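Residues in the sequence shown are numbered from 295 upward in steps of one, following my numbering.
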Amino acid sequence: MPPKRKADTEDGPAKKKAATVPKLKKSKAPDWNEDSGYSNEKPTAEWARKCVDRWCLLPPYNTRMTEKHWQDYYNERSALDRINSSGAPESKEIVSEELCQDTWKILRGAARDLASIVLGSKLDDEDRKKHIARTLMGSLYFTELWGNDEGDDTPREVQAKSRLYSPFGVGTSIDFYYFYHLRARMFGKGERFASFYAKSRLIVEIDPENPTACSATKRNANGAIKAASDAITVFDRNGSKSKGTTAANVKSFEQAIFGVKDWISPLKLVEILFAAGTVMRYREQDKESPKSVLAKFHYFDGETNGRALLAEELKLLAELEAREQASPEVCIPQRMLLLARQGDGGSEPGPSNQRTSVQSDLGVRSSLTGPASINLKVVAVLQNILLNRSWNYLASPTSMPPASNKRPKKLSTCDGPNNDFTSRSPTLTPETLGRKGFLAFPDELVYLIFSYYTEIKIEDILVNSTSLPNHFLDRFKALRNLSQLCQLSRKMYLPLLWERVQICVATGGAWYREHGKNMERKSEGLLKSPHLWPYVRTLTVCFTRFEPRKVIPPFIRLLKALPNLQTLEIPHAHGSMTSILKSYFEGNVFPTIQKVVMPTCAHEILRCCPGIREVTCNEGDGGTLVSALVSAGCSSLEVLEGIAAGPLQMKRLVNQRPPLRRVQINVRMKDPEKNIKSFSKFPSLRVIELDSGQEDVGPLVKIATDTLRSCAMPPAGGSKKTRKGDLVVNKDDEVAFNSGLTIDQRLVRVVRFDRLGWQWLSQREKWTPAQFIPIKFEEYPVS
């Protein structure tokens, strides 16, 4: 019998050894003087100096870069500054309405994480490390972004292209391409794809002519996007199959970003790639592939996540941003460079440092038009007063005492006769007030002052832009302030304040999210304020796919509640919203609406307007708008503009026999001749307008003249006889032929617009309101 083991007899059962933790590798101290082509001396050439100052580039500087290289670098990165500016027209490339997420929030979050990763690295020179983190925070750009929402605040698909520039003056950068697709199926396995490519860019690859081109991708023979031949696939998933990269591949990017080797651990490099490529930043449900890549690597000894140091940096950044003057356009990368710029002193002011003019601060547009007799400085001062609610200044223009610290009394929200304060107060008139302050101004002067505030006009709606600029809020703010001055001013200005409700102005950030939030907030607020309902005459609103379950129902309740609403203007509606609008608007009726301006995709709303008189289409051919008119009845329809419906739709409209009096036809649409002739069966038609530029429309004028002549002829079979042989005339024909409207009152009107070099559809994103303002009218009476 073998002897008993000692562990079993003396010290109890045998103990397992503790699992050993793998020993962390050590970071190699970076030596930026190792490359003979690098220099710590700041370049003095013009374009090199501009680049260093504008983007706070750190030493070392690449002496191999020529002045032409620096010029190309400056032009390329300046273009990306414009694209990555919230509120800028160029930012449309990276603001995806369908994704329903804030592009600028994603970009800021990724930039902050880049700084955190560097702050958690191992470097003896803490100041040097902090400078690198601050500059890197402003070196990330989106070059392209698109995606769509699954409907539950998670994306179905994301396609993001971005670029990270080195924080040093070496001219290198990295391009990223991130693709994500996840779609669950009721039957089957569904769709599950994810790819992430990255490629280092050399100096010779700088391309100012095409700054958004992504070098990490290429298209195969079938047109599908694949990784470029020299790009690295960080991870790739196709269904259940997935693959990731190696540590050697990851380390190859360290030289492009930091100009050294073996300073940053592979795990931190992967974190940098994921942050710069915006991986896992869109509330993706499937994160298995990127997490599996992260699990393969480890930190170097002494590295941390850097979150503690980042918190201090973000606090300083917030203080600097608070000092920046508000602007409709904000360059996010330049804002993220504020900390870096604070430390280097003499930098060139970037877009974030640019100041608007004094007139812009006062709410006055740069292109003021009006009588020369009024002093524009006086107008500017008065507008500043109205916008800033300086009531003491209104009462006494000679002095501006400091604002009181006392809390003002809450204004009554009831304007009806049951208001106790009103019943106890004497009747307020200019005489009882002694005509003091602003209320003593003549009505003509007040009207002139308000004429300098821009109002939304038809040309702003016809552009069909996704949002309107925020200077359209200035008039609303001024009227709101005046309506809170006293009871008399409230009675005078409250109806003007709420005459138009506008939910179409974007002040920055994700415009589709802002539209959705504003629609929900204003709808709920107005529903709780029935005393304001009678004032609302016009509603201007943009429809987006942002949370329609929350946004659209209160808006529909508001449309039903407004007793005097006559005009509905829709500058923009997403083209994929037709089914969404139908599901919410079907079965509702808005009898007070008489005029609409809307895109073709919003035709489901038009079906709810039986009393419609004027219809203008600002996007598409308007064919389904005609079908919606037929469905609604259109017994009062008088004006059609921008419609190019098919023959079947026009035949159905003719059978409705609306009292149509004027139509406007765009000659740039397909088959304008057929479009004009399709209106020949409306006996009440009096005016045909031809929307054109400077081209010759003589043949179209002749066709329109013949069409109006056809309208003047009694339709065959339009009258009937009784059994006794008496002639019975149709009621609509009687209006057309026996009401004194003779044939000589019909005319063709050519409306000319300044559209030189204008492409009708191919350059729609470049349209401006000025291109929809008529410059000339030509009238041709029909005899």
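Just so it is clear, CB atoms sit at the ideal spot from N, CA and C, and this is done for glycine as well.
These numbers were taken from a predicted model, which means no experiment stands behind them.
Query raised in the report: Are the stretch 583-595 and the stretch 386-397 touching by the rule of at least three beta carbon pairs closer than 8 Å?
Result: no
Query - Contacting residues, own chain, Cβ-Cβ under 6 Å from Val-544 (five flanking each side not counted) - result: Pro-560, Leu-563 and Val-564
Query - DSSP-derived helix/strand/coil call for Arg-355 - result: In the sequence on display, residue 355 carries Tyr and not Arg. Reduced to three states, the DSSP call for Tyr-355 is strand.
Query - DSSP state of Gln-636 mapped onto helix, strand, coil - result: helix
Query raised in the report: Counting along the chain, where does the alpha helix (DSSP H) carrying Asn-369 start and finish?
Result: 361-377
Query raised in the report: Residues in its own chain within less than 6 Å of Phe-801 by CB, not counting five upstream and five downstream?
Result: The sequence shown places Thr at residue 801, not Phe. Contacts found: Asn-764.
Query raised in the report: Can you tell which of Ser-586, Ser-972 and Glu-613 has the C-alpha that lies nearest to the C-alpha of Met-944?
Result: Ser-972
Query - Neighbourhood of Lys-520 by C-beta, 8 Å cutoff - its chain only, sequence neighbours within 5 removed - result: Thr-511, Lys-512, Arg-513 and Asn-514
Requested in this report: Less than 8 Å between the CB atoms is what I'm expecting for Thr-886 and Asn-912, so what's the real figure, rounded?
Outcome: That belief does not hold up - the Cβ atoms of Thr-886 and Asn-912 are roughly 22 Å apart, past 8 Å.
Query raised in the report: Rounded to a whole number of angstroms, what is the C-alpha to C-alpha distance between Val-498 and Asn-356?
Result: 13 Å
Requested in this report: Report the rounded CA-to-CA distance for Glu-808 versus Cys-895, giving the unit in angstroms.
Outcome: 21 Å
Report task. Just the C-alpha distance for Val-452 and Tyr-472, rounded to the nearest angstrom, thanks. Result -> 8 Å
Requested in this report: Pull up the CB-CB distance for Ser-433 and Leu-458, whole angstroms please, since I reckon it's below 8 Å.
Outcome: 6 Å
Query - Per-residue burial, Pro-702 [other beta carbons within 10 Å of its own, 16 or more giving buried] - result: In this predicted model, Pro-702 has a pLDDT of only 46, less than 50, meaning its place in the structure is not dependable; the value taken from the coordinates is given anyway. Classification of Pro-702: exposed, given that the 10 Å Cβ count is below 16.
Query raised in the report: In terms of alpha-carbon separation, which member of Arg-956, Leu-413 and Asp-524 lies closest to Leu-608?
Result: Leu-413
Query raised in the report: Do you know offhand how far Leu-856's Cα is from Trp-827's?
Result: 5 Å
Requested in this report: Starting from Leu-781, follow its DSSP beta bridges and name the residues at the other end.
Outcome: For the record, residue 781 in the displayed sequence is Gln; it is not Leu. Paired residue(s): none; Gln-781 is not in a bridge.
Query raised in the report: If you draw a straight line from the C-alpha of Lys-889 to the C-alpha of Ile-982, how long is it?
Result: 19 Å
Query - Closest by C-alpha distance to Glu-485, when choosing among Gly-441, Pro-627, Gly-533 and Ala-569 - result: Gly-533
Query - Minimum length 4: unbroken alpha helix (DSSP H) runs contained in the stretch 742-768 - result: 752-756
**Report entry** N- and C-terminal bounds of the beta strand (DSSP E) containing Arg-513
**Finding:** 511-513
**Report entry** Local Cβ density within 10 Å of Met-1007, reported as buried at 16 or more and exposed below that
**Finding:** exposed
**Report entry** Closest Cα partner of Gly-940 within the set Ser-930, Met-963, Phe-1047 and Val-933
**Finding:** Met-963
Requested in this report: Tell me whether Arg-907 sits in a helix, a strand or coil according to DSSP, three-state version.
Outcome: coil
Query raised in the report: Which residue's Cα is closest to the Cα of Ile-468: Thr-437, Asp-985, Lys-771 and Thr-872?
Result: Thr-437
Query raised in the report: Buried or exposed: where does Pro-842 fall if 16 or more other Cβ atoms within 10 Å of its Cβ makes it buried?
Result: buried
Report task. Say whether the stretch 323-338 touches the stretch 351-366, bearing in mind that this needs 3 or more beta-carbon pairs closer than 8 Å, one atom from each stretch. Result -> yes
Query raised in the report: From the DSSP output, which residues share a beta bridge with Glu-1073?
Result: Arg-1043
Requested in this report: Would you mind working out which of Glu-932, His-425, His-868 and Met-813 sits nearest Lys-844, comparing C-alpha positions?
Outcome: Met-813
Report task. Kindly indicate which three-state DSSP category Val-672 falls into: helix, strand or coil? Result -> Because the pLDDT of Val-672 is 48, which lies under 50, any placement of that residue in the model is unreliable, and the number read from its coordinates should be weighed accordingly. DSSP places Val-672 in helix when its eight states are reduced to three.
Requested in this report: Give me the Cα-Cα distance between Ala-602 and Ala-772, rounded to the nearest whole angstrom.
Outcome: 45 Å
Report task. Go to Glu-335, then tell me how far its beta strand (DSSP E) extends in each direction, as first and last residue. Result -> Premise fails: Glu-335 is in no beta strand (DSSP E) and is neither H nor E.
**Report entry** Opening and closing residue of the beta strand (DSSP E) in which Lys-889 lies
**Finding:** 889-892
Query - CA-to-CA distance, Arg-839 to Cys-394, given in whole angstroms - result: 7 Å
Query raised in the report: Given 8 Å as the limit, is there contact between the stretch 418-429 and the stretch 612-620, that is, 3 or more CB pairs closer than that?
Result: no
Query raised in the report: Does the beta-carbon of Phe-552 have 16 or more other beta-carbons within 10 angstroms, so that it is buried, or is it exposed?
Result: buried
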